[in-house]
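K.L.:
First residue of the sequence shown? That's 233 in our numbering, and the numbers climb one at a time after it. We treat Cβ as the ideally placed atom computed from N, Cα and C, and that holds for glycine. Fair warning: this is a prediction, and the values are worked out from it, not measured in the lab.
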Amino acid sequence: MSQSSAPSELHFRTCNLCEAMCGLRIETSGGRVTSIRGDEADPFSKGHICPKAVALQDLHEDPDRLRQPVRRTATGWQPISWEEALDETARRLNALQREHGKDSLGVYVGNPTVHDHGAMLFLPLLLRTLRTKNKFSATSVDQLPHHIAAYSMFGHQFLIPIPDIDHTRYMLILGANPLASNGSLMSAPGVRGRLKAIQERGGKVVVVDPRKTETAHVADEHVFIRPGTDALWLFSLLHLLLEGAGAKMGRLAEFSDGLATLRELARDFTPERAEPHTGVPAATTRRIARELSASESAVCYGRVGVSTHAFGAMCQWLINVINLVTGNFDRPGGALFTKPAFDLVHGPKAISMSRGSFGRWKSRVRGLPETSGELPVAVLGEEILTEGPGRIRAMITSAGNPVVSTPNGQQLDKAFASLDFMVCIDPYINETTRHAHIILPPSTQLERSHYDLAFHVLAVRNTAKYSPPLFEPRPGSKHDWEIFLELKHRLETLRGEPRVRGELTYRALKKLGPDGILELGLRAGPYGMRLRPFRKGLSLASLKQQPHGVDLGPLQPSLPGRLATRDRRIQLAPELMVADVQRLRQTFPEGAGVSEQGSMLLIGRRHLRDNNSWLHNVPRLVSGKPRCTLMVHPEDARRLGLQEGGEAVVTSRVGEVRAPVTVTDEVMPGVVSLPHGYGHGREGVRLRVAGEHAGVSVNDLTDDRFLDALSGNAAFSGVQVHVKPLESVRTEGQPAQSATA
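(1) Can you give me the Cβ contacts of K956 inside the same chain, cut-off strictly under 6 angstroms, excluding the 5 residues immediately before and after it?
(2) I need the DSSP call for N694, collapsed to helix, strand or coil.
(3) Does the contact criterion of 3 or more C-beta pairs under 8 angstroms hold for the region 850-857 versus the region 286-303?
(4) Hey, M418 and D684: beta-carbon distance below 8 angstroms or not?
(5) I'd like to know whether the C-beta atoms of F569 and S267 end up nearer to each other than 8 angstroms.
(6) Starting from M403, trace the beta strand (DSSP E) in both directions and tell me its first and last residue.
(7) Quick one: is G785 buried, meaning 16 or more other Cβ sit within 10 Å of its Cβ, or exposed?
(8) With H, G and I counted as helix, E and B as strand and the rest as coil, what does DSSP make of E959?
(9) For V813 and N662, I'd like the C-alpha separation in whole angstroms.
(10) Could you name the residues of the same chain whose beta carbon sits closer than 6 angstroms to that of R297, not counting the 5 residues immediately before and after it, in chain order?
(11) Starting from the C-beta of H780, find all residues in its chain whose C-beta is less than 8 angstroms away, skip the five residues before and the five after it, and write them out in chain order.
(12) Taking all protein chains shown into account, decide if S240 is buried (16 or more other Cβ within 10 angstroms of its Cβ) or exposed.
(13) Have a look at the DSSP bridge pairing and note the partners of E606.
(14) How many Å lie between K334 and L362 at the Cα?
(15) Suppose only complete runs of 4+ residues qualify. What are the alpha helix (DSSP H) ranges in the region 328-394, listed by chain order?
(16) Can you tell me whether DSSP reads Y738 as helix, strand or coil?
(17) Using C-beta distances below 6 angstroms, list every residue in its chain close to W359, excluding the 5 sequence neighbours before and after it, in chain order.
(18) Judging by CA-CA distance, which residue of T445, L550 and F386 is the nearest neighbour of R424?
(19) Taking three-plus beta-carbon pairs below 8 angstroms as touching, is the region 708-715 in contact with the region 672-679?
(20) Assuming A946 contacts T638 (C-beta within less than 8 angstroms), just tell me the rounded distance between them.
(21) Taking the C-alpha atoms as reference points, what is the distance between V557 and R563?
(22) Cutting at 7 angstroms between CB atoms, please list the residues of its own chain near L719, excluding the five before and the five after it.
(23) What do you reckon, are the CB atoms on A567 and P395 nearer than 8 angstroms?
(24) Count Cβ pairs between the region 377-394 and the region 793-807 that sit closer than 8 angstroms; are there 3 or more?
(25) If you draw a straight line from the C-alpha of D500 to the C-alpha of C282, how long is it?
(26) In whole angstroms, what is the alpha-carbon distance linking D932 and N640?
(27) Kindly indicate which residue of R303, D452, M863 and F574 has the alpha-carbon position closest to the one of E876.
(28) Please return the same chain residues whose Cβ sits closer than 6 angstroms to the Cβ of E959, not counting the five positions on each side in sequence.
(29) From V346 to T260, what does the alpha carbon distance come to, in whole angstroms?
(30) Measure the beta-carbon distance from F716 to F354 and round it to whole angstroms, keeping in mind my assumption that it falls under 8 angstroms.
(31) May I ask you to list the residues that DSSP assigns as paired with W309?
(32) Measuring only from the beta carbon, is E486 closer than 7 angstroms to any heavy atom that is part of the ligand SAM?
(33) Which whole-angstrom value is the C-beta distance of A448 and V439, which I expect to be below 8 angstroms?
(34) So for L833, helix, strand or coil by DSSP?
(35) Taking DSSP as the reference, what is the three-state secondary structure of L256?
(36) In three-state DSSP terms, what is C532?
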């Protein structure tokens with residue numbers, strides 16, 4: 233039967249390419265996708281999708297995608313069997329750790345992992361088997377400050393307060409662009425409509441950002457702020473909130489500690505002191521403080537732009553504090569905790585996430601602290617390249633491309649090339665995996681079941697939805713959870729660990745699979761059957777009968793019961809945050825302003841059709857005008873001799889790139905912006921479409937030494953760079969990597 237005459241089948245699914253969890257209505261015929269549209273019956277997204285949804289079909293059918301393991305040889309990539317690939321990987325990892333110690337192995341995990349419940353549930357099993365302290369992930373180039381603030385204030389790294397965007401009347405947004413991200417750490421499909429609804433009910437949306445983003449364009453007000461100064465501005469806001477009517481914590485005061493310490497810390501952070509550093513007029517800060525305090529309900533929300541600078545953890549702490557002292561915490565219209573069906577915080581120990589940790593060990597070279605079992609990825613390059621005991625000699629990467637997504641990518645590129653052994657669990661030969669000795673490609677998104685473990689915990693409404701596989705996996709393929717389990721079993725066998733117990737565990741986990749664990753978690757969750765038969769409640773079987781998903785209601789007050797601190801009290805002034813305030817004072821001294829150094833401040837940006845580094849091989853998502861351009865303010869363009877459409881050479885401490893110029897007043901003077909996730913022009917990359925739209929990597933400019941000293945999170949926002957027109961650099965005879973190469 234031809235595809236055109238094959239019967240059409242209808243499937244309902246959740247898009248798992250970003251955090252929004254949009255419901256999809258997918259039609260197939262003859263084993264191929266024929267249509268992807270929004271599912272209007274989905275209770276969460278209500279028909280909304282963004283342009284990325286169609287990429288699920290393109291990723292599934294991408295001819296550049298690896299379909300079986302490959303080994304790198306002197307003559308190129310050689311296909312090998314799964315048995316051979318897994319056996320060789322386990323054997324070489326085991327031999328390296330036996331010879332050089334368990335920490336001679338490093339592991340990097342990319343953010344697609346949290347979009348895959350199989351990976352989330354089975355990867356920790358492999359990590360425990362590996363026993364290395366050199367674990368890294370995309371967390372420390374993204375949301376680590378949120379986790380540290382949650383852990384230190386509320387007792388669990390995943391107790392992240394979520395803005396109740398659907399009921400607030402005043403929303404203050406810092407360093408976030410939810411119209412492009414669909415609401416990061418605030419899963420909210422259809423953000424444009426949700427923000428418009430705030431305005432329609434008489435509310436107000438204010439965006440504070442060095443760039444006039446897509447979100448700022450639909451807001452009631454946009455305020456420019458100098459990159460890296462958000463913590464200072466937030467402290468000036470807190471100063472005003474505590475100075476005037478004082479804290480309005482209501483019932484939360486009964487189980488909160490540290491308000492007096494907050495008052496003392498904020499005493500000298502006046503808006504007049506902040507203004508010369510932040511560029512925000514003191515009068516504007518005073519007005520926003522009045523509006524926040526007077527609004528019937530309000531919420532402050534900050535994301536990547538305030539996390540990825542030198543005071544990222546302090547920013548997320550202060551945002552929580554501002555929501556608390558204005559009385560907008562744990563109440564409708566403010567910031568609340570979710571009540572997820574699969575509870576990663578208060579679920580059974582075997583299936584919940586660790587509450588977190590801080591500083592149990594430090595990195596070998598620079599001495600940066602671990603957080604929740606991971607070290608900051610900014611130290612990964614030096615941990616490979618610096619000789620001595622404990623040097624990383626082998627790497628596992630899974631679902632990540634750190635060469636273009638972490639700071640000083642050129643150093644990491646060099647480091648990976650020097651490894652004794654590298655295995656990558658990834659479907660592509662990209663900027664990172666090109667260095668691998670073996671690549672293990674997992675099944676596609678449409679070949680596996682899906683449940684959003686992480687993003688139901690971070691959503692603006694409590695919902696639950698299960699998506700069965702759309703297609704049967706290709707013969708001989710493996711899911712990523714199966715790869716993790718097979719490597720774990722082989723390593724344990726090579727180490728001679730108890731064979732009977734190991735074999736029984738292996739067989740039990742293989743039979744249970746991620747859906748079996750999902751069933752246990754749902755039954756044990758707050759809406760579940762509590763593992764008892766004949767009791768009505770949520771289970772995997774009941775979810776399967778609701779293909780559009782289940783609405784479990786709006787966010788509701790949950791404190792003090794949901795707190796995970798040992799005494800069930802909120803810590804307003806955690807010791808590690810209080811100790812870091814002195815660094816803020818020293819960085820931005822009273823009476824001083826911005827020093828002129830002839831440099832510009834570099835910030836990143838994200839576009840709606842981008843998703844970090846891994847959707848640029850989809851033709852329909854990279855079509856149109858080039859997006860990898862350097863945004864420059866008109867005043868700076870005139871001063872520097874830059875012209876629209878011309879090329880600029882951008883230089884930082886660690887590298888240099890060449891990019892086309894976009895002259896626009898959407899960035900503030902003194903600031904330039906390059907998008908994240910490009911730089912596909914490196915030799916050996918097998919991404920044909922991405923190669924035609926290579927651009928340059930902003931992380932060839934970002935600095936592995938420029939960090940949030942408290943958390944170790946990379947500081948991408950506010951990197952000092954020098955910018956010149958290409959013509960002047962040619963005269964000086966200097967080479968530069970080109971975005972148009």
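P.N.:
Checking against the coordinates, here is how it stands:
(1) Contacts found: V881.
(2) strand
(3) yes
(4) no
(5) no
(6) Note, M403: beta strand (DSSP E), Y402 to L406.
(7) exposed
(8) Helix, per DSSP.
(9) Taking C-alpha positions only, V813 is separated from N662 by approximately 41 angstroms.
(10) In chain order, P659 place their CB closer than 6 angstroms to the CB of R297, counting only its own chain and leaving out the 5 sequence neighbours on each side.
(11) Only F244, G255, D271, A273, D274, P275 and K697 meet the Cβ criterion.
(12) exposed
(13) T603
(14) 7 angstroms
(15) 349-362 and 376-386
(16) If DSSP states are grouped into helix, strand and coil, Y738 belongs with the helices.
(17) Checking the sequence shown, residue 359 turns out to be Leu, not Trp. Answer for L359: no residue qualifies.
(18) T445
(19) yes
(20) 7 angstroms
(21) 13 angstroms
(22) L318, T321, A322 and L358
(23) yes
(24) A contact is defined here as three or more CB-CB pairs under 8 angstroms, and the region 377-394 meets this definition with respect to the region 793-807.
(25) So the two alpha carbons sit approximately 45 angstroms from each other.
(26) 5 angstroms
(27) M863
(28) none
(29) 27 angstroms
(30) The beta carbons of F716 and F354 sit about 4 angstroms from each other, so the pair counts as a contact at 8 angstroms.
(31) Under DSSP, the beta-bridge partners assigned to W309 are R304.
(32) Of the ligands one can find in the structure shown there are none, so the ligand SAM has no counterpart to examine.
(33) 4 angstroms
(34) strand
(35) The answer is strand: DSSP assigns L256 an E or B state.
(36) strand
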